[in-house]
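Heads up: the sequence shown is residues 208 to 528, going by the working numbering.
For every residue, glycine included, the Cβ atom is placed at its ideal position computed from N, Cα and C.
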Amino acid sequence: MFDLWRSGFIRRPLSSFIDHELRADEIVWLPDCGPHAYVADPFGITRDGVLTLFVEAFDYYVRRGEIHYRQYDADDRLVGQGVALSEPWHLSYPSLIEDGGELYMLPEGYKSGGLILYRCVRFPDQWEAVARIGEAAAIDATVVKHDGRWWMFHALSGPDDRAMRELHIASADALTGPWTPHVGNPVMRGFETSRPGGSAFVHGGALHLPVQDCASTYGAAINLLRIHTLTPDAFSAVVVKRFEPGHLLDGYGDGFHTLSGHGDVTFIDVKGIRRSAAEPWLKAGFKARRLLGLNGPRGRRATGAAVHPEIFSTVSVRKQG
């Protein structure tokens, strides 16, 4: 068995879905990648009338995610695509952050040993690694500025599916840190409410955070948390809505694990679990390609700290005393 994801967008603000349901007829789906590849984890931004989605692009022959982009005009026509960011390690969850007139990307890449912040040098396909964020290799990190402080919600790797059952928080005065882990970490436990799954946003004066429900399968659904208390030493939140794949797209009713947004556009993905006799051949092909050195990055690698790790030594981390 293996998972296939489809990503799409809706031209409505993310906050509107607190009071309204998703409708299949308003979703623009990105093109199908074929039987053994997918794009997932969509985040996006509109510039000069062009909508650009950044996604994890995964091919089962290579088995290492890259960040690709898809661009759409005002009439929802695909007008551009390519590789935005690739590294020797797996990349996914390309969350976007705007700060000080700059655009940053904070993709999940915990197999690199850390969480790397990239600055956009040339939109959308040239990025520079500028800092290592936090003291751990955070997974699916969601960063938001709220009440004058930066907050990062994330998961951590570990045994017994730790990345799906513990929600952690860190905070900082500046995006590049130093970051301080929350004294109550993990602030939530349980497979239903722990792994971030999209953009944090404010609605009705309260911060909201999409999180994945991984109780029955990885990325089964999105539960939306309304955060009532968020300080460096206190946290409380409740689930106020649930998003399931339902009948949004035929053949993809097994999961829903990203709910993100920017401006007047919302981004989602849905999952279909496939069963195929081709899976052993896919694995064999991957191993052969690896032996031949054919599984390396296909696009331009980022410049900066990811290529020269010594740069990270200038970025300090404040630890709890």
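Taking every protein chain shown into account, the CB of Gly341 has 16 or more other CB atoms within 10 angstroms, so this residue is buried. A distance below 8 Å separates the beta carbons of Pro301 and Phe261. The C-beta distance from Met359 to Phe398 rounds to 21 Å, too long to fall under 8 Å, and the pair is not in contact. In the three-state DSSP reduction, Tyr425 falls in the coil class, being neither helix nor strand. In the three-state DSSP reduction, Arg369 falls in the helix class (H, G or I). Looking at the DSSP output, Phe474 bridges to Phe216 and Ser467. The secondary-structure analysis by DSSP pairs Ile225 with nothing; it has no beta-bridge partner. The region 385-395 makes no contact with the region 423-431; the number of CB pairs closer than 8 Å stays below 3.
As for any beta strand (DSSP E) of minimum length 3 sitting wholly inside the region 373-445, the runs are 373-379, 408-410, 413-420 and 428-438, ordered along the chain. The C-alpha of Val257 lies about 10 Å from the C-alpha of Gly287. Within the model, the alpha-carbon separation for Glu273 versus Ala264 is close to 5 Å. In terms of Cα proximity to Arg339, the closest of Asp420, Arg326 and Asp332 is Arg326. Per DSSP, Tyr245 is one residue of the beta strand (DSSP E) stretching across Ala244 to Arg254. Straight across, the Cα-Cα distance linking Gly453 with Leu324 is about 35 Å. Note on Met208: under 16 other CB atoms within 10 angstroms of its CB, so exposed under the neighbour-count rule. Note on Asp232: under 16 other CB atoms within 10 angstroms of its CB, so exposed under the neighbour-count rule.
Bridge partners of Ser299 according to DSSP: Glu315. The residue among Ser319, Val328, His375 and Phe216 with its C-alpha nearest the C-alpha of Asp471 is Phe216. Residue nearest to His389 within the set Ser483, His375 and Thr400 is His375 (criterion: CA-CA distance). One alpha carbon belongs to Ser364, the other to Trp296, and they sit about 15 Å apart.
Fewer than three beta-carbon pairs drawn from the region 468-485 and the region 434-443 are found closer than 8 Å, and the two stretches are therefore not classed as touching.
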